[in-house]
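S.K.: For what it's worth, our numbering labels the leading residue of the sequence shown as 1218, then goes sequentially. We put the beta carbon where it would ideally sit given N, CA and C, even for glycine. All of these numbers come straight from a predicted model, not from anything done at the bench. Below is one structure. I have some questions about it.
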Amino acid sequence: MVKYLIFVLALFISTWASTQDIMWEATLGPPGASVHTLIVDESIGKVFASFIVPKGIYHSSLANPEWEKTGFDEDKRISALAIDSTGILYAGSWGEVFRSADGGDSWTKSIVSTNGQYVEALVADKTGAIFAGLSLKQGAFDGGIFRSMDHGTTWRHINMDLDVATLAIDHSQTLYVGSANAKGLFFSKDQGDQWWPVGSNWDADVSAICFNDSNHIFAGVYDRGIFRSNDGGNTWKNLLPNQGLGRYFFNMFFDNENVLYVTINNRGLNKSMDQGETWQLINPVQTGAYLDGLAITSGNQLFIGSFGRGILTSVNGGEIWSSFNEGLYFSRIKSMAFNQDNTLFAGTSGSLFRSFDQGTSWEQTGLKEHVSSLLFHKDSLIFAGTRNGLFLSDNQGETWNNRAFEEEHIDGIFATKKGDLFIVAESRLWKSENSGNQWSNIGKDLELRVVRAAAVNSKDQMFLGDYFNGVYRSVDDGLTWRSINVGLNSLHVQSLAIDSKDRLYLGILGEGLYTSVNNGDSWEGTAFMDPLKANFGSIVTNDQDHIFIGVDIVNDPSTVYRSTDHGERWEDVGMGFPQTDFDVSVGPLILDKNSILFTGTSGYGIFRSISATTSSPEESRQAFHVGKNYPNPYIHQTVIPLDLDERIWVRIDIISLDGKVVATITDGMVNAGYHKIAVDSHLNPGLYWYRVQVGGQMARGKMLKIW
1218 MVKYLIFVLA LFISTWASTQ DIMWEATLGP PGASVHTLIV DESIGKVFAS FIVPKGIYHS
1278 SLANPEWEKT GFDEDKRISA LAIDSTGILY AGSWGEVFRS ADGGDSWTKS IVSTNGQYVE
1338 ALVADKTGAI FAGLSLKQGA FDGGIFRSMD HGTTWRHINM DLDVATLAID HSQTLYVGSA
1398 NAKGLFFSKD QGDQWWPVGS NWDADVSAIC FNDSNHIFAG VYDRGIFRSN DGGNTWKNLL
1458 PNQGLGRYFF NMFFDNENVL YVTINNRGLN KSMDQGETWQ LINPVQTGAY LDGLAITSGN
1518 QLFIGSFGRG ILTSVNGGEI WSSFNEGLYF SRIKSMAFNQ DNTLFAGTSG SLFRSFDQGT
1578 SWEQTGLKEH VSSLLFHKDS LIFAGTRNGL FLSDNQGETW NNRAFEEEHI DGIFATKKGD
1638 LFIVAESRLW KSENSGNQWS NIGKDLELRV VRAAAVNSKD QMFLGDYFNG VYRSVDDGLT
1698 WRSINVGLNS LHVQSLAIDS KDRLYLGILG EGLYTSVNNG DSWEGTAFMD PLKANFGSIV
1758 TNDQDHIFIG VDIVNDPSTV YRSTDHGERW EDVGMGFPQT DFDVSVGPLI LDKNSILFTG
1818 TSGYGIFRSI SATTSSPEES RQAFHVGKNY PNPYIHQTVI PLDLDERIWV RIDIISLDGK
1878 VVATITDGMV NAGYHKIAVD SHLNPGLYWY RVQVGGQMAR GKMLKIW
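Set out below in structure tokens:
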């Protein structure tokens, strides 16, 4: 006999029906992007690029950086770019190749693989044949290499099922393929009709291939190093041993002076002027930054793509680099802070920027690091936590000193009202009583793994939120700590905030937003308890104790919610955010001295509210009421009661526990009055959420279908 555990959630949610009074606008900054691939077309004087966010293809003049979107209008992420001998530009995506014969203004699509495998590499030979290398993921049978002899109109599968990592063509037009599933390196002299292993064909992941003027082979091998063969692959020399660091060699190119450049994931750009015998490490961005995308012009101008800092260029072999980001406002915001003059500082995954005009214009400070946390201390000192230690500036960011914890990852910085500083560095808590000159390790009774949040109340009592161990509290300046997790169903803390009355708000992944009115001794769920929306970027409260939370929503764009009554009712106030890219999340939230709300995103820079958040929304009498569905559980049909005070837009979705919308029951205008919304028996047996959206408001519950 099968027993079912019945979950029934009664919803009695009163709410307001006003239009939201918070609208957002992009600040167009800070500049930056996370680059996926680059290619130069000197015949038309352009450089093309694709990014992790946003999707699509962008281009800029080589002479003057001014990036703009091409005519590519598909909602696709581009993984590879190539140009053939006739000037046709090719772009690879999931099982598809797009081509443009007019410099990117217009595009046509062709299907390479119906399984939708990723096009990892594209290359064209001198005859105009174009080759596409596909990944072999999730048990697919059609990875490997595909060939088109008609400029990408039709494609033919031409080899064994390799998990392709890279493709390259040498000076004699021999085609090489590097495998990502430990099958090594193969070549073909007849455009892919027949394939042969290169030399002894080591069991390795070959992620990059290139050739010098003598047609010697250079190969980047995952976790092993960079190899060279002077005899067609029969013997190999390890030129740059990897020493077990797990490096990927993303790009390898020779310039016209036979100088070799290699990007190695987070180990910078490596340069060799003697065929790999000796190397010079170049860091165009901060230490530890990921580099992906390398292009070289015939005049030896270098273009390099980074994760976070966008595109940089050098005309002197990498000695001096300049930004090539004009028009790229796709930075990933990691931290924000205002100084006493209301100057906004924003830490990205590549640099620290500042704005004197609330984000209208930006300038880069002297810190070029992944800045994960910021703190202003005693007005003039700025502390920045990075992946390479704690940095300090005493001149508003012009110059910086690595103050402490060199090469350690700083998880957070906070201060008490009396001026003591605290940082969390690699799961250890440190305290300074003299503005960071000296640090002592405290909190020996803490079990920290990944600290996601910290807050201090009006009594200088401190709270730490750990992603694995929940919440800790200290009432004695950090000397001792106590776990305070009573009432929490999960310990995956993502965010933490305290309002002016010392109420605590806690975001828990997969659960929702909790609150505590007794200093954390116990926790209760607010009305925002929805696993489909329980992925929080940040929590902030304004002078009126209104709560704002950044939320990543399953299968929906991220947004910001607001509550003006301590979490009893919630309103979506994300109007104006990007509505097309579900991979973009809401990051840090911060208020300036005028109560303007700023939010950072993971790919579209910073947005700000057009008006102050202290302007109260118009409240009216109860606008709708959702009752519990009945019967619950059910076999053939269940009914969701809905009472509306006015004619209004209503959408009701049925959502599986993994977050997928499996049915939409209602989506449109519904008249005022009492309604019984029927959910029929077409669903498979199982537990589901139902989500009721009325205007800008939301309610939800669970229902169980047992037959």
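Would you report the Cα separation of Gly1791 and Asp1407, rounded to the nearest angstrom?
M.R.: The straight-line gap from Cα to Cα measures roughly 56 Å.
S.K.: Taking the Cβ atom as the reference point for each residue, do Phe1745 and Gly1729 lie within a distance shorter than 7 Å?
M.R.: Result yes, Cβ atoms of Phe1745 and Gly1729 sit closer than 7 Å.
S.K.: To the nearest angstrom, report how far apart Lys1718 and Gln1557 are at their CA atoms.
M.R.: Approximately 23 Å between the Cα atoms of the pair.
S.K.: Sorted by chain position, which residues of the same chain lie with C-beta nearer than 7 Å to Gly1288's C-beta, five sequence neighbours on each side aside?
M.R.: Within the same chain, Gly1288 has close Cβ partners Gly1321, Asp1322, Ser1323, Trp1324.
S.K.: Whole angstroms is fine: what's the gap from Val1757's alpha carbon to Ser1812's?
M.R.: If I take the Cα positions, the gap works out to 11 Å.
S.K.: Run through DSSP, which three-state label would His1842 get?
M.R.: If DSSP states are grouped into helix, strand and coil, His1842 belongs with the strands.
S.K.: Let me know if Glu1337 comes out buried or exposed under the rule of 16 or more other beta-carbons within 10 Å of its beta-carbon.
M.R.: That one is buried.
S.K.: Determine, using beta carbons only, whether Val1252 and Gly1485 come nearer to each other than 7 Å.
M.R.: It is not a contact, given that the beta carbons lie outside the stated cut-off.
S.K.: On the premise that Arg1825 lies in contact with Thr1371, defined as a C-beta separation below 8 Å, what is that separation, rounded to the nearest angstrom?
M.R.: 49 Å between Cβ atoms; not a contact.
S.K.: Expressed to the nearest angstrom, what Euclidean distance is found between the alpha-carbon atoms of Leu1561 and Leu1663?
M.R.: Their backbone Cα atoms lie some 33 Å apart in a straight line.
S.K.: Would you check if there are 3 or more beta carbon pairs closer than 8 Å linking the region 1578-1592 to the region 1278-1286?
M.R.: Output reads no: the region 1278-1286 does not touch the region 1578-1592.
S.K.: What did DSSP end up calling Ile1764 once you bin it into helix, strand or coil?
M.R.: Residue state, collapsed to three classes: strand.
S.K.: Thinking C-alpha only, which one of Asn1517, Glu1536, Asn1542 is nearest Leu1529?
M.R.: Closest by alpha carbon: Asn1542.
S.K.: Please classify Leu1498 as buried or exposed, where buried requires at least 16 other C-beta atoms within 10 Å of its C-beta.
M.R.: Burial call: exposed.
S.K.: Is the number of C-beta pairs between the region 1629-1637 and the region 1568-1577 that are closer than 8 Å three or more?
M.R.: No, they do not touch.
S.K.: To the nearest angstrom, how far is the alpha carbon of Phe1315 from that of Lys1750?
M.R.: Straight-line Cα distance between these residues: approximately 35 Å.
S.K.: Name the DSSP beta bridge partners of Lys1919, please?
M.R.: Answer by DSSP bridge pairing, in chain order: Trp1906.
S.K.: Flag this pair as yes or no: are the beta carbons of Val1329 and Gly1350 separated by less than 7 Å?
M.R.: Their beta carbons are not under 7 Å apart, which means Val1329 does not touch Gly1350 by this criterion.
S.K.: Determine the closest residue to Ser1197 out of Ala1671, Lys1272, Ser1278, with distance taken between C-alpha atoms.
M.R.: With the chain running from 1218 to 1924 in the structure shown, residue 1197 is simply not present.
S.K.: DSSP three-state call for Leu1806: helix, strand or coil?
M.R.: Reduced to three states, the DSSP call for Leu1806 is strand.
S.K.: Assuming Gln1557 is part of the beta strand (DSSP E), what are its boundary residues?
M.R.: Unbroken run through Gln1557: none, as it is neither H nor E.
S.K.: My assumption, with CB atoms under 8 Å, is that Ile1443 sits in contact with Val1415. Please give the rounded CB distance.
M.R.: In fact, because the Cβ distance is near 15 Å, the residues do not count as touching under 8 Å.
S.K.: When we look at the beta-carbon of Ala1399 and count the other beta-carbons within 10 Å, is it buried (16 or more) or exposed?
M.R.: That one is exposed.
S.K.: Taking its Cβ as the centre, do 16 or more other Cβ atoms sit within 10 Å of Arg1441, making it buried, or is it exposed?
M.R.: Buried, since its Cβ has 16 or more Cβ neighbours within 10 Å.
S.K.: Please state the DSSP three-state secondary structure of Val1867.
M.R.: Note: Val1867 maps to strand in three-state DSSP.
S.K.: Over the uninterrupted beta strand (DSSP E) stretch that includes Gln1711, give me the two end residues.
M.R.: Counting along the chain, the beta strand (DSSP E) containing Gln1711 begins and ends at 1710-1715.
S.K.: Can you give me the start and stop residues for the beta strand (DSSP E) that Gln1773 sits inside?
M.R.: Note on identity: in this sequence residue 1773 is Asp, with Gln being the wrong assignment. First-last for Asp1773: undefined, no H or E at that position.
S.K.: What would DSSP say about Gly1614, mapped onto helix, strand or coil?
M.R.: The answer is coil: DSSP assigns Gly1614 none of H, G, I, E or B.
S.K.: Beta strand (DSSP E) containing Gly1395: first to last residue?
M.R.: Taken as a continuous stretch (DSSP letters only), the beta strand (DSSP E) holding Gly1395 covers 1392-1396.
S.K.: According to the neighbour-count rule (16 or more other Cβ atoms, all chains shown, within 10 Å of its Cβ), is Met1679 buried or exposed?
M.R.: Buried: at least 16 other Cβ atoms inside 10 Å.
S.K.: For a minimum of 3 consecutive residues, which ranges assigned as the beta strand (DSSP E) are wholly contained in the region 1593-1660?
M.R.: Listed in chain order, they are 1598-1603, 1606-1610, 1618-1621, 1627-1632, 1638-1642, 1645-1649, 1657-1659.
S.K.: How many Å lie between Val1270 and Pro1248 at the Cα?
M.R.: Computed Cα separation, rounded: 13 Å.
S.K.: Residues in its own chain within less than 7 Å of Asp1430 by CB, not counting five upstream and five downstream?
M.R.: Correct list, in chain order: Asn1475.
S.K.: Which partner residues of Arg1549 appear in the DSSP bridge assignment?
M.R.: Ser1819.
S.K.: Is it buried or exposed, Leu1696, if we count other Cβ atoms within 10 angstroms and call 16 or more buried?
M.R.: The residue is exposed, with fewer than 16 neighbouring Cβ atoms inside 10 Å.
S.K.: Whole beta strand (DSSP E) runs in the region 1237-1262 with 3 or more residues, listed along the chain?
M.R.: Here the runs fully enclosed are 1241-1243, 1252-1258.
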